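In the UniProt record's numbering, the protein residues as written are 1 to 433.
A virtual CB, placed ideally from N, CA and C, is assigned to each residue, including glycine.
Computed from a prediction, not measured in an experiment: that's the story for all the values here.
Read the structure below first, then the notes.
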């Protein structure tokens, strides 16, 4: 068969395939589809069961009843790419981390050491989470037994936990749905204290100190989430909301993190594009697509920090840092956002100047900046004064902490000091108790 004949045959197969897809799509009643979408958004366990694929789940049939289409003579990048991204092994991307990129690992920190040395740096603590009752008590089986019929938010849907676990255990999605629920403590009857207590289920690591958003009481924005996901799930590059810092504690599984600092003078990570007003972040649709296209370049980019947070460990995400997270195994985690004392100026600037990007506040808080200023004035006027001074500096284009570190490094290198770029050096670790 000639080349032109083969091309004609391939085009014919592709045209037939597209016609078939179009016929299937056109045969679906729009109103029925909307009804099913609403049903699956909030579906009672008795009316919804995951069948292994979205098609079989929609049709309420076993996945082995799906027809198998012979694609031997079908060649299409638009179909191959998502298939490849859904099946390519991702764990190799988390291996071979360059030494200068490694996230610092510490047993624990004091509040003084955190504020003096680590508030603007990522790090992993290996010990505090192991003291939590939920660390020793939680497993997928335990959660299913206690909360199997409780609905949790998985991105755009609310599913009973047992339905989500069925999905988590049997999915081949390129970007698996990620359970990310902000009301988990109330739904599960958990007690989260601000410090270790005998009747508490968990508490923040002590080194992070007071969360300044606590002054807002019931008007504070969303700040804590239960995170559950299968292998290959996670989150593409983003910065945490409202200029807050965060900690992410892995109770089961392992998570790979790759992180970059940000400022007005620094470009975003490779493959990430940010709108002029900083309100929109665009990156490849899936974690796999970014890893395939940009991971190698990212590792060679100044400021890149990466590491694996193991079971029973907690990672600190500094305010304003871009980060991508990949679950290397099925994982259960708790994360919480907070405002440390040294970052109050950055939060004030965000609430004042980035109103279009503020998130998590209730509708009855029309001006989060004014509310935060007023509550700080009442509870800690000295801290408010410090924050306003930092806000004024930032508003005039003053250097952030990252620029100070980077510029200092360049000065040392120019003087022949042999500076090696990276966080968490041996000298710094020596100063941490």
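Determine the DSSP secondary structure at residue 109, reduced to helix, strand or coil.
-> Taking the chain shown and counting its residues from 1, the one referred to as residue 109 is at position 109. Under the three-state reduction of DSSP, residue 109 is assigned to coil, being neither helix nor strand.
Counting Cβ pairs, one atom from each stretch, are 3 or more of them under 8 Å apart for the segment 220 to 237 and the segment 293 to 310?
-> Segments in contact, no.
Using CA coordinates, which residue listed in 382, 72, 233 and 339 is at the minimum distance from residue 90?
-> Residue numbering aside, residue 90 sits at position 90 when the chain shown is read from its first letter. Of the candidates 382, 72, 233 and 339, the residue whose Cα lies closest to the Cα of residue 90 is 233.
C-beta atoms of residue 326 and residue 252 nearer than 8 Å | In the chain shown, the residue the question calls residue 326 occupies position 326. In the chain shown, the residue the question calls residue 252 occupies position 252. In this structure, residue 326 keeps its C-beta atom at 8 Å or more from the C-beta atom of residue 252.
Would you tell me roughly how many angstroms separate the C-alpha atoms of residue 143 and residue 63, rounded to the nearest one?
-> As a working note, residue 143 is residue 143 in the chain shown. As a working note, residue 63 is residue 63 in the chain shown. Their backbone Cα atoms lie some 27 Å apart in a straight line.
Measure the alpha-carbon distance for residue 322 versus residue 238 and round it to whole angstroms.
-> Here residue 322 refers to the residue found at position 322 when the chain shown is read from its first residue. Here residue 238 refers to the residue found at position 238 when the chain shown is read from its first residue. Distance between the alpha carbons of residue 322 and residue 238 is about 5 Å.
Just reading off the alpha helix (DSSP H) that residue 160 is part of, what are its end residues?
-> Here residue 160 refers to the residue found at position 160 when the chain shown is read from its first residue. Careful: residue 160 lies outside any alpha helix (DSSP H), inside the beta strand (DSSP E) at 157 to 160.
Sheet register partners of residue 337 (DSSP bridge) | Position 337 of the chain shown holds residue 337. 246.
Using the beta-carbon count (16 or more within 10 Å), is residue 132 buried or exposed?
-> What you label residue 132 is simply residue 132 of the chain shown in a count that begins at 1. So residue 132 counts as buried.
Helix, strand or coil for residue 126, going by three-state DSSP, please let me know.
-> What you label residue 126 is simply residue 126 of the chain shown in a count that begins at 1. Coil at residue 126, not helix or strand.
Could you give the distance in angstroms between the alpha-carbon of residue 72 and the alpha-carbon of residue 60?
-> Your numbering for residue 72 matches position 72 in the chain shown. Your numbering for residue 60 matches position 60 in the chain shown. The alpha-carbon atoms of residue 72 and residue 60 are separated by roughly 28 Å.
Is residue 343 buried or exposed, if buried means 16 or more other CB atoms sit within 10 Å of its CB?
-> As a working mapping, residue 343 is identified with position 343 in the chain shown. Burial state of residue 343 is buried, judged by a 10 Å Cβ sphere holding 16 or more other Cβ atoms.
For residue 236, the nearest candidate out of 140, 247 and 174 (CA to CA) | In the chain shown, the residue the question calls residue 236 occupies position 236. The residue from 140, 247 and 174 with its alpha-carbon nearest to that of residue 236 is 174.
Candidates 366, 191, 230 and 148: which alpha carbon is nearest residue 332's?
-> As a first step, residue 332 is located in the chain shown; it is residue number 332 there, counting from the start. In terms of Cα proximity to residue 332, the closest of 366, 191, 230 and 148 is 230.
Looking only at its own chain, which residues have a Cβ that is under 6 Å from the Cβ of residue 292, when we skip the five neighbours before and after it?
-> Stepping through the chain shown from its first residue, residue 292 is reached at position 292. Shown here for residue 292: not one same chain residue has a beta carbon closer than 6 Å to its own, the five before and five after excluded.
How do the segment 201 to 217 and the segment 108 to 118 stand: do at least 3 beta-carbon pairs fall below 8 Å, yes or no?
-> Enough Cβ pairs lie closer than 8 Å, so yes.
Among 86, 261 and 194, which residue has its Cα nearest to the Cα of residue 101?
-> Within the chain shown, numbered from 1, the residue matching residue 101 stands at position 101. Residue 261 is the option with its Cα nearest to residue 101.
What span of residues does the beta strand (DSSP E) with residue 93 cover, start to end?
-> Stepping through the chain shown from its first residue, residue 93 is reached at position 93. Looking at the DSSP string, residue 93 is not in any beta strand (DSSP E), and its letter there is neither H nor E.
Within 10 angstroms of the Cβ of residue 336, are there 16 or more other Cβ atoms? Answer buried if so, exposed if not.
-> Counting from one through the chain shown, the residue named residue 336 turns up at place 336. Per the 10 Å Cβ criterion, buried.
Are there three or more Cβ pairs, one per stretch, closer than 8 Å when the segment 147 to 158 is compared with the segment 178 to 192?
-> A contact exists between the segment 147 to 158 and the segment 178 to 192.
Where residue 356 and residue 347 are concerned, what is the direct C-alpha to C-alpha distance, given to the nearest angstrom?
-> Mapped onto the chain shown, residue 356 falls at position 356. Mapped onto the chain shown, residue 347 falls at position 347. For residue 356 and residue 347, the distance between alpha carbons rounds to 14 Å.
Could you have a look at residue 234 and say whether DSSP puts it in helix, strand or coil?
-> To locate residue 234, count along the chain shown from 1; it is residue 234. Strand.
Give the secondary structure of residue 301 by DSSP, where H, G and I count as helix, E and B as strand, and everything else as coil.
-> To locate residue 301, count along the chain shown from 1; it is residue 301. Residue 301: coil per DSSP, three-state reduction.
To the nearest angstrom, report how far apart residue 369 and residue 191 are at their CA atoms.
-> Taking the chain shown and counting its residues from 1, the one referred to as residue 369 is at position 369. Taking the chain shown and counting its residues from 1, the one referred to as residue 191 is at position 191. It is roughly 29 Å from the alpha-carbon of residue 369 to the alpha-carbon of residue 191.
First and last residue of the alpha helix (DSSP H) that includes residue 434?
-> Nothing can be reported for residue 434, as the shown portion of the chain is limited to 1 through 433.
Extent of the continuous alpha helix (DSSP H) to which residue 370 belongs = Residue mapping note: residue 370 aligns to position 370 of the chain shown, counting from 1. Here the alpha helix (DSSP H) through residue 370 covers 368 to 379.
If you follow the alpha helix (DSSP H) that residue 144 is part of, which residue opens it and which one closes it?
-> Position 144 of the chain shown holds residue 144. Judged by DSSP secondary structure, residue 144 falls within the alpha helix (DSSP H) whose first and last residues are 140 to 147.
Those residues which DSSP pairs with residue 257 across a bridge | In the chain shown, counting from the first residue as 1, residue 257 sits at position 257. Beta-bridge annotation (DSSP): residue 257 is paired with 307 and 325.
Between the C-alpha atoms of residue 296 and residue 381, what's the straight-line distance to the nearest angstrom?
-> Position 296 of the chain shown holds residue 296. Position 381 of the chain shown holds residue 381. When the Cα atoms are used, residue 296 and residue 381 turn out to be separated by approximately 47 Å.
If you check the beta carbons only, do residue 242 and residue 379 fall under 8 Å apart?
-> Taking the chain shown and counting its residues from 1, the one referred to as residue 242 is at position 242. Taking the chain shown and counting its residues from 1, the one referred to as residue 379 is at position 379. No, the pair does not count as a contact, with Cβ atoms beyond the cut-off.
Taking the runs of the beta strand (DSSP E) that are 3 residues or longer, which of them lie wholly in the segment 170 to 238?
-> Within the segment 170 to 238, the complete beta strand (DSSP E) runs of at least 3 residues are 179 to 181, 224 to 229 and 234 to 238.
Can you name, in chain order, every residue of its own chain whose Cβ lies under 6 Å from the Cβ of residue 196, other than the five neighbours on each side?
-> On the chain shown, residue 196 is found 196 positions in, with the first residue counted as 1. Spatial neighbours of residue 196 in its own chain (CB-CB distance under 6 Å, excluding positions within 5 residues in sequence) are listed in chain order as 203.
Proximity of residue 329 and residue 124 at Cβ, strictly below 8 Å | As a position in the chain shown, residue 329 is number 329, starting the count at 1. As a position in the chain shown, residue 124 is number 124, starting the count at 1. In this structure, residue 124 does not lie closer than 8 Å to residue 329 by Cβ.
For residue 282, name the three-state secondary structure that DSSP assigns.
-> Position 282 of the chain shown, counted from the start, is the residue given in the question as residue 282. Reduced to three states, the DSSP call for residue 282 is strand.
Pick from 129, 264, 258 and 185 that is closest to residue 287, judged by C-alpha positions = By one-based count along the chain shown, residue 287 stands at place 287. In this structure, 258 is the residue among 129, 264, 258 and 185 with its C-alpha nearest to the C-alpha of residue 287.
May I have the straight-line CA-CA distance separating residue 351 from residue 193, to the nearest angstrom?
-> Here residue 351 refers to the residue found at position 351 of the chain shown. Here residue 193 refers to the residue found at position 193 of the chain shown. C-alpha separation (whole angstroms): 27 Å.
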